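**Q** Counting in the working numbering, the sequence shown runs from 490 upward without gaps.
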Amino acid sequence: CFICQLSAQTPALTYYLPDIKYDDDIPTPESYLGYQIGEWHLSHDQQLAYLRLLADRSPRVTLTEYAQTFERRPLIYLTITSEKNQKRLPELQEAHLAASDPSKEAPDFTDIPAVVYQGFAIHGNEPSAGNAAVLVAYYLAAAKGREVERLLDEVIILLDPCLNPDGFHRFSTWANMHKNQRLTGDPVEREYNEVWPRGRTNHYWFDLNRDWLLVQMPESQGRIRAFQSWKPNVLTDHHEMGANATFFFMPGVPERTHPITPKRNQELTGKIATFNQAALDDIGSLYYSGEGFDDYYYGKGSTYPDGNGCIGILYEQASSRGHYQKTENGDLTFPFTIRNQVVTALSTQKAAKELRPELLDYQREFYVTGLQEAQQDQRKAYIFGDPHDASRVDELVSILRQHQIEVYELAEQYRDGKTVYAPGKAFVVPTEQKQYRLVRAAFETLTTFEDSIFYDVSSWTLPLAFNLDYTTIDAATLPRLQGDAVEGLRVLRKLQEPESSEYAYLLPWDDYYAPKALYQIQQKGLRTKVATRNFLLNGKSYSYGTIMVPVQNQKLNAEEIYSLMETVTRTTGVAIDFADTGLTPTGIDLGSRDFDALKQPKTLLLVGQGVSPYEAGEVWHLLDARFDMEIVKVDMDRFNRIDLGKYNRIVMVDGSYGSLGDRGVKKLKTWVSEGGVLVALKRAAQWANSKGLANLKVKKTTTNEKGRRPYAKIGADRGSEVIGGAIFNAQLDITHPIAYGYHKAQMPVFRRGTFFFEPSKNAYATPMVYTDDPLISGYIKPKNLETLKGSATIVVNGMGSGRVICMADNPNFRAFWYGTNKLFLNALFFGDIISSSATERIGTD
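#1: Do residue 603 and residue 644 have their C-beta atoms closer together than 8 Å?
#2: DSSP three-state call for residue 1049: helix, strand or coil?
#3: Where do the ends of the beta strand (DSSP E) carrying residue 1168 lie?
#4: Spatial neighbours of residue 480 within its chain, please: C-beta separation below 7 Å, excluding the five flanking residues on both sides.
#5: Under 8 Å between the Cβ atoms of residue 1053 and residue 1068?
#6: Using 8 Å as the threshold, is the C-beta distance between residue 813 and residue 656 below it?
#7: Take residue 1309 as the anchor and find which of 1001, 995, 744, 1329 has the nearest alpha-carbon.
#8: For a test of the three-state rule: what should DSSP assign to residue 626, helix, strand or coil?
#9: Three-state secondary structure (DSSP) at residue 1260?
#10: Rounded to whole angstroms, what's the CA-CA distance from residue 624 to residue 831? Just pull it up for me.
#11: May I ask which residues mark the beginning and end of the beta strand (DSSP E) holding residue 1288?
#12: Grouping DSSP H, G and I as helix and E and B as strand, with all else coil, what is residue 711?
#13: Per DSSP, residue 1025 is paired with what?
#14: Residue 490 to residue 815, Cα distance in whole Å?
#15: Assign residue 1238 to buried or exposed, taking buried as 16 or more other Cβ atoms, counted over all protein chains shown, within 10 Å of its Cβ.
#16: Have a look at 1312, 897, 1037, 1106 and flag the residue whose alpha-carbon is nearest the alpha-carbon of residue 975.
#17: For residue 1105 versus residue 694, is the C-beta distance shorter than 8 Å?
#18: For the beta strand (DSSP E) containing residue 724, list its first residue and its last residue.
#19: Which value, in whole angstroms, describes the spacing of the CA atoms of residue 1173 and residue 611?
#20: Under a three-way DSSP split, which group does residue 1064 fall into?
#21: Among 672, 553, 591, 533, which residue has its Cα nearest to the Cα of residue 459?
#22: Of all the options 800, 1090, 540, which has the alpha carbon lying nearest to the alpha carbon of residue 740?
#23: Rounded to a whole number of angstroms, what is the C-alpha to C-alpha distance between residue 986 and residue 911?
#24: Could you check whether residue 710 and residue 648 sit closer than 8 Å to each other, using their CB atoms as the reference points?
#25: Expressed to the nearest angstrom, what Euclidean distance is found between the alpha-carbon atoms of residue 730 and residue 846?
#26: Hey, is the stretch 1208-1228 in contact with the stretch 1248-1263, meaning 3+ C-beta pairs nearer than 8 Å?
#27: Thinking just about the alpha-carbon of each residue, which of 512, 538, 918, 575 is nearest to the one in residue 563?
#28: By DSSP's criteria, residue 553 is part of a beta bridge. Which residues make up the other side?
#29: Determine the burial state of residue 1151: buried for a count of at least 16 other Cβ atoms within 10 Å of its Cβ, exposed for fewer.
#30: Per DSSP, which residues does residue 801 bridge with? Please list them.
#31: Exposed or buried, residue 1201, counting other C-beta atoms within 10 Å across all chains shown (16 or more means buried)?
#32: Over the uninterrupted alpha helix (DSSP H) stretch that includes residue 531, give me the two end residues.
#33: Let's see if you can read the secondary structure: which residues bound the beta strand (DSSP E) around residue 974?
#34: Can you round the beta-carbon distance between residue 788 and residue 699 to whole angstroms, since I take them to be within the 8 Å contact cut?
#35: Enumerate in chain order the residues of its own chain whose CB-to-CB distance from residue 505 is below 6 Å, with the five nearest sequence positions on each side excluded.
#36: First and last residue of the alpha helix (DSSP H) that includes residue 656?
The following block contains the structure:
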């Protein structure tokens, strides 16, 4: 009945927490907020204010702000433990960290608490976790009795109440503003169906639960600092799933555990699970375990800990998404979802208390045995580098250092076949270090697996993502190559300021941040040109894509231009050369017609319902945050009402674009024909092809599979067809404008999905194809691998004086795929200089 439903929204505190005595001096959430948790959705500011109050009132609680979001919301964690432990917290922290350092003597664990990191609401529209966090914090701060006192003596709890404040706040606003006084459980109700892009993601629409290893977002960078500063024994990661599910807790599917993770990790996960089971049984909640989810990708919150001597635990609660829904399992209220999160959080704390000696011993064992394995490993170090692009190398060093992986300068030149690694442009990562297992996770490739289904990607090898040369070295070679340690997060490079010129400046396109430098120059209204041939000047070789900025006949005078070049060099880290003559001894002269005039990209990104918010966010972040380029985001339902004349680039990422309608297609065709450059990725390329905006031939996968299959195998069979994320080798035409700035004819490419297209009939219109032996790392079904071989990754189409550049893959994947970013940026900067003779003409055979 409705009265029952309504009363379920205002439960007593004992609905969530044990019916024991609490400290009257600590305000309950209800007394502070004016409503009980579960009656409304907490906003982030409310949650933060209450937790600050707890830290102020309770001697058990201290608050640490560890980062800020893009929207300037604080990320905090509470350190909750006994008053006795609070007084000696730095000492306990140091002792705890010593346990995970195999170079130090093992401490006496008798007096060392276990450390539990509890993380809530990394997905903003999975709200039960963030609301439960407040109740868990109140219990730990105010509960009285021997049980909680013993817990706080033996366990230090790092409670991170909201891992994604921007998304959490966005969702709470949606749910509260659409709440009915008379609650409805109808799933089609607007309250339960957020508008695009929804609250799951952060400001730039990134899934923060895929960023633990990649650390591209400020939330993740701060969180990893906090994690590594404590190295907890257990980390809980509280989530939600579909409304018709129940509750899930780890372990996941045993065969889908990363092979680097020790078996004892899963054994301890199973022991913790018995405490969760008992707690859920006690309140009569349905649950499941050992199926559906996995422990494979080290970039998500429940698995990253497994590479750090910690036990990562995933919790998934069926989501009410708002305040109340009717489901297959009965009425699902918001308070019910919160209660399950609370009881599993508390039961995990109990598990940590009871299993404290085992957890501490396991963490020590993890690092000791890891070092022992490293000593047996014939690979004594990885070397990685790039002779042309210091910025990409530096960005990888930064990722590794954030995970406390030791990185060293290369002491002297090293040759591996045709590849030369030079000091200052390459670095060394020894395997004999305490983060040995995480080093392996970052550098190894895998192509054989126990299972063919992956909850997320099947490969993420970091040097491949950065398109860097890398190799291994043995024990005899390492001592002469290992130089000084990189102490901070980045390499301190001395960049020479440009020399003044009265003639021209040259900007090589090799550095990752060269597009940022060019855009800054174009922002000042200066004419820029790009070299479409190689040349030699002042004893230096300049490759395809070199930018030339003439000094004369510009809006700025010579002195102002020089000042600008100094600023650009300082703010981007990109070297700019001077030229005092236009006559070159080899190759094209600076006045050659083989220097093409460039237009500054004026980019429109189509967003809205049907578009992948992740991939749209990746483009938004890349241009706006990383390259400081102006980008205009336009919802598809407004597209037909805007003036496209202000833009010369349009980006369509993976998604469905049917809502543009015939009018939108006609408008796009006119815009392209008049000289616009349309960049279409993945399903957007398919859509463009279906609407006559591209001329692609889809490559079909053939199969000889016939006969009967067991019904029980249908899920596994369908799952094995998916390319969820693997790395493949592609052949690149480095003379093509799309490939400017690249020096190797082959490069690793990340692929998700089974859409393939044939190389163009025009021999010049396919700048990149997969090789005949493409698999580098990850899972792909053999029949899909056969189809992938020789298929196109990029096809350039021509319509009128414009271009439609179709990419089969996402070159901006999760912001860490630095190696292919420049393919996308080149499409924006150089798309309109591609010769019409090198395009697949649209509407022709």
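We put the beta carbon where it would ideally sit given N, CA and C, even for glycine. The model shown is predicted, which means the values in this text are computed figures rather than measured ones.
**A** Judging by the given coordinates:
#1: Within the sequence shown, the letter at position 114 stands for residue 603. Within the sequence shown, the letter at position 155 stands for residue 644. Against a cut-off of 8 Å, the Cβ pair of residue 644 and residue 603 comes out as a contact.
#2: Residue numbering aside, residue 1049 sits at position 560 when the sequence shown is read from its first letter. In the structure shown, residue 1049 sits in a helix (DSSP, three-state: H, G or I).
#3: By one-based count along the sequence shown, residue 1168 stands at place 679. It spans 1166-1170 - the beta strand (DSSP E) in which residue 1168 sits, taken as one unbroken run.
#4: Since the first residue of the chain shown is 490 and the last is 1334, residue 480 is not available in this structure.
#5: In the sequence shown, residue 1053 corresponds to position 564, counting from 1. In the sequence shown, residue 1068 corresponds to position 579, counting from 1. No, the Cβ-Cβ distance between residue 1053 and residue 1068 is not below 8 Å.
#6: Position 324 of the sequence shown, counting from 1, holds the residue named residue 813. Position 167 of the sequence shown, counting from 1, holds the residue named residue 656. It is not a contact, given that the beta carbons lie outside the stated cut-off.
#7: Mapped onto the sequence shown, residue 1309 falls at position 820. For residue 1309, the nearest C-alpha among the options comes from 1001.
#8: As a working mapping, residue 626 is identified with position 137 in the sequence shown. If DSSP states are grouped into helix, strand and coil, residue 626 belongs with the helices.
#9: To locate residue 1260, count along the sequence shown from 1; it is residue 771. Looking at residue 1260 - three-state DSSP - the assignment turns out to be strand.
#10: Stepping through the sequence shown from its first residue, residue 624 is reached at position 135. Stepping through the sequence shown from its first residue, residue 831 is reached at position 342. Roughly 7 Å separates the two Cα atoms.
#11: As a first step, residue 1288 is located in the sequence shown; it is residue number 799 there, counting from the start. First-last of the beta strand (DSSP E) with residue 1288: 1281-1288.
#12: On the sequence shown, residue 711 is found 222 positions in, with the first residue counted as 1. Helix.
#13: Here the question's residue 1025 lines up with position 536 in the sequence shown. DSSP lists 1030, 1075 as partners of residue 1025.
#14: Translated into positions along the sequence shown, residue 490 becomes position 1. Translated into positions along the sequence shown, residue 815 becomes position 326. Legend: pLDDT at residue 490 = 36, less than 50; position of this residue unreliable, no value from coordinates given.
#15: For the purposes of this step, residue 1238 is identified with residue 749 of the sequence shown, where counting begins at 1. That one is buried.
#16: In the sequence shown, the residue the question calls residue 975 occupies position 486. Cα-wise, what sits closest to residue 975 is 897.
#17: In the sequence shown, the residue the question calls residue 1105 occupies position 616. In the sequence shown, the residue the question calls residue 694 occupies position 205. Their beta carbons are under 8 Å apart, which means residue 1105 touches residue 694 by this criterion.
#18: Counting from 1 along the sequence shown, the entry for residue 724 is found at position 235. From DSSP, the beta strand (DSSP E) with residue 724 extends over 723-730.
#19: As a working note, residue 1173 is residue 684 in the sequence shown. As a working note, residue 611 is residue 122 in the sequence shown. Using only the alpha carbons, I get a separation of about 29 Å.
#20: Sequence index remark: in the sequence shown, residue 1064 carries index 575 (1-based). Coil.
#21: Residue coverage of the chain in this structure runs from 490 to 1334, which leaves residue 459 outside it and unanswerable.
#22: Within the sequence shown, numbered from 1, the residue matching residue 740 stands at position 251. It is 800 whose Cα lies nearest to the Cα of residue 740.
#23: Working through the sequence shown from its first residue, we reach residue 986 at position 497. Working through the sequence shown from its first residue, we reach residue 911 at position 422. One C-alpha to the other measures close to 22 Å.
#24: Reading the sequence shown from its first residue, position 159 is the one you call residue 648. Reading the sequence shown from its first residue, position 221 is the one you call residue 710. Result no, Cβ atoms of residue 648 and residue 710 do not sit closer than 8 Å.
#25: Along the sequence shown, one-based indexing puts residue 730 at 241. Along the sequence shown, one-based indexing puts residue 846 at 357. Whole-angstrom Cα-Cα distance: 33 Å.
#26: yes
#27: Counting from one through the sequence shown, the residue named residue 563 turns up at place 74. Per the Cα distances, 538.
#28: For this step, residue 553 is matched to residue 64 along the sequence shown. Answer is 566.
#29: As a working mapping, residue 1151 is identified with position 662 in the sequence shown. Burial call: exposed.
#30: Taking the first residue of the sequence shown as 1, we reach residue 801 at position 312. Looking at the DSSP assignment, residue 801 forms a beta bridge with 724.
#31: To locate residue 1201, count along the sequence shown from 1; it is residue 712. Per the 10 Å Cβ criterion, exposed.
#32: Locating residue 531 in the sequence shown gives position 42, counting from the first residue. It is not in any alpha helix (DSSP H) - residue 531 carries neither H nor E in the DSSP assignment.
#33: Counting from one through the sequence shown, the residue named residue 974 turns up at place 485. 971-974 is the extent of the beta strand (DSSP E) around residue 974.
#34: The count along the sequence shown starts at 1 and reaches residue 788 at position 299. The count along the sequence shown starts at 1 and reaches residue 699 at position 210. Contact flag correct, Cβ pair sits at about 5 Å.
#35: Looking up residue 505 in the sequence shown gives position 16. For residue 505, where only same-chain residues beyond five positions count, the Cβ hits under 6 Å are 624, 828, 831.
#36: Indexing the sequence shown from 1 puts residue 656 at position 167. Here the alpha helix (DSSP H) through residue 656 covers 654-666.
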